[in-house]
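Chemist: Sharing a structure, written as structure tokens. Questions coming.
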Amino acid sequence: MESSLKPKSIVEVVAKAIRRKSVLSFTYDGVEQLVVEPVVLGIHKETGKHVLRCYKSYPPQIWDKADNWYLCELDKITNMKTPPVRAKNFRKGCKTLTGDMSEVIEASSDYEKLGLLKNPKK
Numbered sequence: 004m005e006s007s008l009k010p011k012s013i014v015e016v017v018a019k020a021i022r023r024k025s026v027l028s029f030t031y032d033g034v035e036q037l038v039v040e041p042v043v044l045g046i047h048k049e050t051g052k053h054v055l056r057c058y059k060s061y062p063p064q065i066w067d068k069a070d071n072w073y074l075c076e077l078d079k080i081t082n083m084k085t086p087p088v089r090a091k092n093f094r095k096g097c098k099t100l101t102g103d104m105s106e107v108i109e110a111s112s113d114y115e116k117l118g119l120l121k122n123p124k125k
């Protein structure tokens, strides 16, 4: 899917990728090319913007690292694609998945089951 998606469509694509445990590929902030495992989609509690908590899965790492976790603003994402790759069930290293979100729109069931979400889905 290309960047011609309207913001609501991007939200829908990200939510679907989280539910299906799909990997996403996109350009972030016009510069960085990311391949990520989307984990939580929500609303940032200070800016009110749609944000995605995700794990940068490429290049592959032997161990899960805290610095591979990203919080991306959806309005800075372009050239989004959904490659035919599945996300890993669980990644370690993130201190807070939802602490900076006022609302969770969609979250990976793996993280919900483990009770790692501070702001459960509404």
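According to the working numbering, the stretch in the sequence shown is residues 4 to 125, in order. Here a beta-carbon is modelled for each residue, glycine too, at the ideal position from N, C-alpha and C. These figures come from a predicted structure and were not determined experimentally.
(1) Contact check, Leu44 vs Ile21 under 8 Å by CB: the rounded distance?
(2) Measure the C-alpha to C-alpha separation of Ile108 and Thr30 and round it to an integer number of angstroms.
(3) Taking the alpha-carbon of Lys24 as reference, which of Lys48, Arg94, Glu76, Cys75 has the nearest alpha-carbon?
(4) By how many angstroms is the C-alpha of Glu35 removed from the C-alpha of Asn92?
(5) Between Lys19 and the rest of its own chain, which residues show a CB-CB distance below 6 Å, the 5 nearest in sequence each way excluded?
(6) Just to confirm before moving on: does the CB-CB distance between Val14 and Ser111 stay below 8 Å?
(7) Only counting the same chain, and skipping five residues up and downstream in sequence, which positions put a Cβ closer than 7 Å to that of Pro86?
(8) Going by DSSP, what residues sit across from Gly45 in a beta bridge?
(9) Is there a Cβ from chain B that is less than 8 Å from the Cβ of Pro41?
(10) Here's the rule: buried if 16 or more other CB atoms are within 10 angstroms of the residue's CB, otherwise exposed. What is Ser7?
Modeler: Straight from the coordinates:
(1) Sure, about 6 Å apart at Cβ, within 8 Å.
(2) Going by the C-alpha atoms only, they are around 22 Å apart.
(3) For the options Lys48, Arg94, Glu76, Cys75, the alpha carbon positioned closest to that of Lys24 is the one of Arg94.
(4) Answer to the nearest angstrom: the Cα atoms are 25 Å apart.
(5) Nothing listed; no residue qualifies.
(6) No, these two residues do not count as a Cβ contact at 8 Å.
(7) Within its own chain, the residues whose Cβ lies closer than 7 Å to the Cβ of Pro86, once the five positions on either side in sequence are excluded, are Val26, Ser28, listed in chain order.
(8) Answer by DSSP bridge pairing, in chain order: Val54, Val107.
(9) Within the model displayed, chain B is absent; a lone protein chain is all it includes.
(10) For Ser7, the predicted structure reports a pLDDT of 44, less than 50, and the residue's modelled location is therefore unreliable. A value from the coordinates is still provided. Counting Cβ neighbours within 10 Å, Ser7 comes out exposed, since fewer than 16 surround it.
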